Amino acid sequence: MRRPAPLGENKEVTRVLAIDCEMVGSGPLGMDSRLASVSVVNADGNQVYFSYAVGTRPVTDYRTKYSGITPELLEGAPPISQVQQEVASLLHGKLVVGHGLENDFKALGYFHPRILTRDTAHDLPRLLSRAGRPRKLRRITWEFLGLTIQDGEHDPLEDARAALLLYLRYQSDFEALAEARKKDHAQDTPSSPVVALPTEGLVGVPKVGDPSGLASGKKQQ
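First residue of the sequence shown: 1, per UniProt numbering; consecutive thereafter.
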């Protein structure tokens, strides 16, 4: 059984980063999803950031069967707000790859420019269903890469690597579509004066003069 693995030895932060988050549930019946862990890998598939995260609201469903999260894993973990800020600093200005990134960004309370995202759940027609809908990462990883993931609990490191490998396999297609979107956006956007917008409280939008340093966070190789 072949699984996603690193492509090289580079363990530095690269221009291309892939991300995956795991969530747990809070509130009645555990219906409210919140961040529990996040993994970020570089263009070689090596992990450059990992952290668990705890929120202020009690967890009512650890979703262990899918998330792999247990109460023990969250003991002593940093608060979600800290992890959100660390990941935002790491992703700022990078090309971010993932599967269903809208869910990861929501859990992170983070906004990333569309032109700098490559989503294996939405962007490439060949990875979609015949009806044009997103498919599960596990299925397209097997079909297009011949690799196995999620045969038990989800592993954010493995899932991030899988999304990265799918992007790299069809990188030219992803980039051609991104360039087309960029041109369409330029044609559809009327010229207008630049208006300064408030950025207070927005994760992922650094304040003027703020350096965007790299995160500390827990790291795993």
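Beta carbons are placed, not taken as given, at the ideal position from N, Cα and C, and that holds for glycine.
Because the structure is a prediction, the values reported are computed rather than measured.
Assuming TYR110 contacts ALA77 under a Cβ cut-off of 8 angstroms, what Cβ separation, rounded to an integer in Å, is found between them? Stepping through the sequence shown from its first residue, residue 110 is reached at position 110. Stepping through the sequence shown from its first residue, residue 77 is reached at position 77. Taking the Cβ atoms as the reference, TYR110 lies roughly 18 angstroms from ALA77, outside the contact range of under 8 angstroms.
Identity of the residue in PHE105, GLY100 and GLY45 nearest ARG15 by Cα: Sequence index remark: in the sequence shown, residue 15 carries index 15 (1-based). ARG15 has its Cα closest to that of GLY45, out of PHE105, GLY100 and GLY45.
Looking at GLN150: is its Cβ nearer than 8 angstroms to the Cβ of ARG138? Stepping through the sequence shown from its first residue, residue 150 is reached at position 150. Stepping through the sequence shown from its first residue, residue 138 is reached at position 138. A contact, by the Cβ cut-off of 8 angstroms.
So, with DSSP's three-state summary, where would you put ILE140? Your numbering for residue 140 matches position 140 in the sequence shown. Of the three classes helix, strand and coil, the one that applies to ILE140 here is helix, per DSSP.
Could you please give me the residues that DSSP links to ILE149 through a beta bridge? Counting from one through the sequence shown, the residue named residue 149 turns up at place 149. Per DSSP, none; premise fails for ILE149.
DSSP state of ASP123, grouped into three classes? Numbered from its first residue, the sequence shown carries residue 123 at position 123. Coil, per DSSP.
beta-carbon GLY109 near the ligand MN non-hydrogen atom, thresh 7 angstroms: This structure lacks the ligand MN; in fact it carries no ligand of any kind.
Let me confirm a value: GLY146 is counted as buried when at least 16 other C-beta atoms fall within 10 Å, else exposed. Which label applies? Numbered from 1 along the sequence shown, position 146 holds the residue referred to as residue 146. Exposed.
DSSP three-state call for PHE50: helix, strand or coil? The residue you call residue 50 lines up with position 50 of the sequence shown. The three-state reading of DSSP puts PHE50 in strand, counting E and B together.
Can you name the start and end residues of the beta strand (DSSP E) that LEU17 belongs to? Counted from its first residue, the sequence shown places residue 17 at position 17. For LEU17, the enclosing beta strand (DSSP E) stretches over residues 16 to 26.
How about the region 17 to 33 and the region 58 to 72: do they share at least three Cβ pairs that are nearer than 8 angstroms? The count of Cβ pairs closer than 8 angstroms, one atom from the region 17 to 33 and one from the region 58 to 72, reaches three, so the stretches are in contact.
Starting from SER129, trace the beta strand (DSSP E) both ways and give me its first and last residue. Here the question's residue 129 lines up with position 129 in the sequence shown. No residue range can be given for SER129, since it is assigned to no beta strand (DSSP E) and is classified by DSSP as neither H nor E.
4 or more residues per run - each alpha helix (DSSP H) lying fully within the region 31 to 119: 64 to 67, 71 to 74, 80 to 91 and 101 to 108, all fully within the region 31 to 119.
Just mark ILE115 as buried or exposed, buried being the case when its beta carbon has 16 or more other beta carbons within 10 Å. The sequence position of residue 115 within the sequence shown is 115, counting from 1. Residue environment: ILE115 is assigned as exposed (fewer than 16 neighbouring CB atoms within 10 Å of its CB, all protein chains considered).
Only counting the same chain, and skipping five residues up and downstream in sequence, which positions put a Cβ closer than 6 angstroms to that of ARG2? Along the sequence shown, read from residue 1 onward, the residue named residue 2 stands at position 2. For ARG2, same chain residues with a beta-carbon under 6 angstroms away, outside a window of 5 residues either side, are LEU147 in chain order.
With distance defined between alpha-carbon atoms, name the residue in ARG181, LEU177 and ARG161 nearest to LEU17. Counted from its first residue, the sequence shown places residue 17 at position 17. Answer by Cα proximity: ARG161.
Would you mind stating whether GLY68 and GLU153 have Cβ atoms separated by less than 8 angstroms? Taking the sequence shown and counting its residues from 1, the one referred to as residue 68 is at position 68. Taking the sequence shown and counting its residues from 1, the one referred to as residue 153 is at position 153. Using a Cβ distance threshold of 8 angstroms, GLY68 and GLU153 count as a contacting pair.
Cβ pair VAL38, GLN47 closer than 8 angstroms: Walking along the sequence shown from the start, residue 38 turns up at place 38. Walking along the sequence shown from the start, residue 47 turns up at place 47. Using a Cβ distance threshold of 8 angstroms, VAL38 and GLN47 do not count as a contacting pair.
Do ALA121 and residue 256 come within 8 angstroms of each other at the CB atom, strictly closer than that value? Any answer about residue 256 is impossible in this case: the structure gives the chain only from 1 up to 221.
Using the rule of at least 16 other Cβ atoms within 10 Å of the residue's Cβ for burial, across every protein chain shown, is LEU185 buried or exposed? Here residue 185 refers to the residue found at position 185 of the sequence shown. Sequence check: residue 185 is His here, not Leu. Burial call: exposed.
Please classify TYR49 as buried or exposed, where buried requires at least 16 neighbouring CB atoms within 10 angstroms. Locating residue 49 in the sequence shown gives position 49, counting from the first residue. Buried: at least 16 other Cβ atoms inside 10 Å.
Measure how close the beta-carbons of VAL83 and ALA163 come, nearest whole angstrom, since I'm counting them as under 8 angstroms. For the purposes of this step, residue 83 is taken as the residue at position 83 of the sequence shown. For the purposes of this step, residue 163 is taken as the residue at position 163 of the sequence shown. Actually they are not in contact, since the Cβ atoms of VAL83 and ALA163 sit about 20 angstroms apart, beyond 8 angstroms.
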